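Participant: Residues in the sequence shown are numbered from 1 upward in steps of one, following this note's numbering. Once you've had a glance at the structure underneath, I'll fire off some questions.
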Amino acid sequence: MDENSAELLESAVTADAAIDFGPAARTMGIDFPVLTGRDAIVSTLTATVGLLDTTHVVTNPRFLVEGNRVVLKAIVEAAHFPPNDHSRRCVMKNRYTAEMRQEGGLWRTATLDVQCAWFDGDPAVILGK
């Protein structure tokens, strides 16, 4: 997302991936559906947060490796700003749990669950408002 590249995002998820931002979004009073399938994930995220200026910082990664499957747990801070207006922001500190698997020679995200530890700023920024 930080590079605003649909191609890079597409390469990061499996064809049948499921991403659940719902728990984090509900913390901010936003209803957000589970995104299922590569096409839905890429089109939804590029049309929403892909339009924002974003940075993501990943810390405290922990990996559980089981053959062709890896579970990654990490803390992710995501800062979102409207383009050309950095006077407004929504900064989130989230707990990510991602199941990764190999597909097409790459490790890709198969499932992602996002839990919000805290946020600061205006949640409407995430919605492009």
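Glycine included, every Cβ here is placed at the ideal spot set by N, Cα and C. Bear in mind the structure is a predicted one, so any value in this text is a computation, not a measurement.
1. Would you decide whether L112 is buried or exposed? Buried here means 16 or more other CB atoms lie within 10 Å of its CB.
2. Looking at the structure shown, is P83 part of a helix, part of a strand, or coil, going by DSSP?
3. Per DSSP, which one or two residues make a beta bridge with K73?
4. If you run the structure through DSSP and keep just helix, strand and coil, what is I19?
5. Three Cβ pairs or more, each shorter than 8 Å: is that satisfied between the region 31-47 and the region 8-17?
6. Secondary structure at E103, three-state DSSP: helix, strand or coil?
7. Kindly indicate the opening and closing residues of the alpha helix (DSSP H) around E10.
8. Can you find at least 3 beta carbon pairs, one from the region 62-70 and one from the region 86-97, that sit closer than 8 Å?
9. Use the C-beta contact count for V57: other C-beta atoms within 10 angstroms, 16 or more gives buried, fewer gives exposed.
10. So, are the CB atoms of I75 and T59 less than 8 Å apart?
11. Contact criterion: CB-CB distance below 8 Å. Does A18 meet it with respect to chain D?
12. Check for me: the alpha helix (DSSP H) holding T44 runs from which residue to which?
Facilitator: According to the data block:
1. buried
2. coil
3. R62, T97
4. strand
5. yes
6. strand
7. 6-12
8. no
9. exposed
10. yes
11. In the displayed structure, chain D is absent; only one protein chain is listed.
12. 38-47
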